Amino acid sequence: MDHDGRVAIIGLGYVGLPLAIAFEEAGLQVVGIDASETRIAELRGGTSPIDDISDERLGTALANGLRISSPAEAGLRDADAIFVCVPTPITDSKDPDLGPVLAAGEAICGSLRAGHLVILQSTTFPGTTNGPFREVLERSGLVAGRDFDLAFAPERVNPGDRVCCRILVTLGGSGEPIGNIHEKFKSEAHVGLGGTRTAGPGSCLLCLEFRRCQRFTLEDR
Ligand SMILES: NC(=O)c1ccc[n+]([C@@H]2O[C@H](COP(=O)([O-])OP(=O)(O)OC[C@H]3O[C@@H](n4cnc5c(N)ncnc54)[C@H](O)[C@@H]3O)[C@@H](O)[C@H]2O)c1
11 MDHDGRVAII
21 GLGYVGLPLA
31 IAFEEAGLQV
41 VGIDASETRI
51 AELRGGTSPI
61 DDISDERLGT
71 ALANGLRISS
81 PAEAGLRDAD
91 AIFVCVPTPI
101 TDSKDPDLGP
111 VLAAGEAICG
121 SLRAGHLVIL
131 QSTTFPGTTN
141 GPFREVLERS
151 GLVAGRDFDL
161 AFAPERVNPG
171 DRVCCRILVT
181 LGGSGEPIGN
191 IHEKFKSEAH
201 VGLGGTRTAG
211 PGSCLLCLEF
221 RRCQRFTLED
231 R
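See the structure below:
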């Protein structure tokens, strides 16, 4: 499937906002979406809630066309790739709360179309992408891997890291489309972005764990 340069990022926090800015700076058309009216108002006003993103950098991105939107006004159908960067809190009983992830999936479902690429970035347990998240998306009548592409990307930003400021994107999905997607992002959105691809969401998570071990080992020396 072909994917062009229009990106939607759902959830504009520590993960979603730097990703939105990186894509905008790479020349893609970006809409950043958040459910919080307060977050939307502060971002539209040019105030960044994230240490890693200065007000000046946000202001430049806004001036260059970064759009900040509520879910209802986002126009998700017009995006080529949709990144989900909403939180995954835990419940009082320490179980993962997939509420925000599934709410984002429902918002996408109503606008899902053939050719869409949906990438889950939220931290979650193995099986979420091809399980509950996929189920919500497929309520649209479209099928992942056939009509639209679905992937998981667990690693994106190391908050506060002033040495290696690239956002690392490790994409794991099924089949050849993920390869195409990865090449597309490497070639068109590579300013400040680095990446690898894996065979599926599971191996993607494994890759992340190896990377974490490597990082902690190096930091511990
Ligand atoms: N370094 C990293 O990249 C990193 C590290 C740890 C965890 N994570 C994971 O990334 C995910 C996001 O983390 P964060 O730190 O950016 O969270 P955050 O709390 O900073 O931001 C999340 C944003 O999503 C918005 N939101 C919540 N539900 C929404 C919905 N249904 N639709 C639209 N917007 C919605 C919130 O208003 C908030 O602005 C979490 O799953 C987190 O565990 C990332």
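Take 11 as the starting number for the sequence shown in this note's numbering and just add one per residue.
Each residue gets a CB set at the ideal place from its N, CA and C atoms; glycine is no exception.
Here the structure is a predicted model, which means the values were calculated and not measured.
* Asked: Does DSSP put Val-146 in a helix, a strand or coil?
  -> Walking along the sequence shown from the start, residue 146 turns up at place 136. It is helical.
* **For Leu-108, the three-state DSSP class (helix, strand or coil)** => Position 98 of the sequence shown, counting from 1, holds the residue named residue 108. Correct three-state label for Leu-108: coil.
* Asked: The alpha helix (DSSP H) spanning Thr-18 covers which residue range?
  -> For the purposes of this step, residue 18 is taken as the residue at position 8 of the sequence shown. Thr is not the amino acid found at residue 18; the sequence shown has Ala there. Per DSSP, Ala-18 belongs to no alpha helix (DSSP H); it is in the beta strand (DSSP E), 16 to 20.
* To do: Helix, strand or coil for Ala-124, going by three-state DSSP, please let me know.
  => The residue given as residue 124 occupies position 114 in the sequence shown. In this structure, Ala-124 counts as coil in the three-state DSSP scheme.
* Beta carbon of Asp-88: closer than 8 Å to some heavy atom of ligand 1? -> Your numbering for residue 88 matches position 78 in the sequence shown. No - ligand 1 has no heavy atom lying nearer than 8 Å to the Cβ of Asp-88.
* To do: Could you say which of Gly-15, Glu-148, Pro-59 and Leu-122 lies nearest to Gly-21 if we only look at CA atoms?
  => By 1-based counting over the sequence shown, the position of residue 21 is 11. Among Gly-15, Glu-148, Pro-59 and Leu-122, the Cα nearest to that of Gly-21 belongs to Pro-59.
* Asked: Which parts of the region 41 to 116 are runs of the alpha helix (DSSP H), unbroken and 4 residues or longer, counting only runs that do not cross its ends?
  -> 47 to 54 and 65 to 73
* **Check whether Ile-31 and Ala-71 have beta carbons under 9 Å apart** => Here residue 31 refers to the residue found at position 21 of the sequence shown. Here residue 71 refers to the residue found at position 61 of the sequence shown. In contact: Ile-31 and Ala-71 (Cβ atoms closer than 9 Å).
* Look up Leu-130 in the DSSP assignment and give the residues it is bridged to. => Mapped onto the sequence shown, residue 130 falls at position 120. Note: Leu-130 sits in a beta bridge opposite Val-94 and Phe-162.
* Answer yes if the region 48 to 63 comes into contact with the region 125 to 140, meaning at least three C-beta pairs across the two stretches below 8 Å, and no otherwise. => no
* To do: Assign Pro-28 to buried or exposed, taking buried as 16 or more other Cβ atoms, counted over all protein chains shown, within 10 Å of its Cβ.
  => One-based indexing of the sequence shown puts residue 28 at position 18. By the 10 Å Cβ count, Pro-28 comes out buried.
* Out of Glu-34, Ser-150, Ser-121 and Leu-152, which has the shortest C-alpha to C-alpha gap to Val-17? -> In the sequence shown, residue 17 corresponds to position 7, counting from 1. Of Glu-34, Ser-150, Ser-121 and Leu-152, the residue nearest in Cα terms is Glu-34.
* Distance between Thr-98 and Lys-104 (C-alpha atoms, nearest Å) -> Against the sequence shown, residue 104 aligns to sequence position 94. Against the sequence shown, residue 98 aligns to sequence position 88. Looking at the two C-alpha atoms, the distance is approximately 12 Å.
* Asked: Near Asp-157, which residues of its chain fall below 7 Å by C-beta distance, leaving aside the five closest residues on each side in sequence?
  -> Working through the sequence shown from its first residue, we reach residue 157 at position 147. Once the five neighbours on either side are set aside, the close Cβ partners of Asp-157 are Ala-124.
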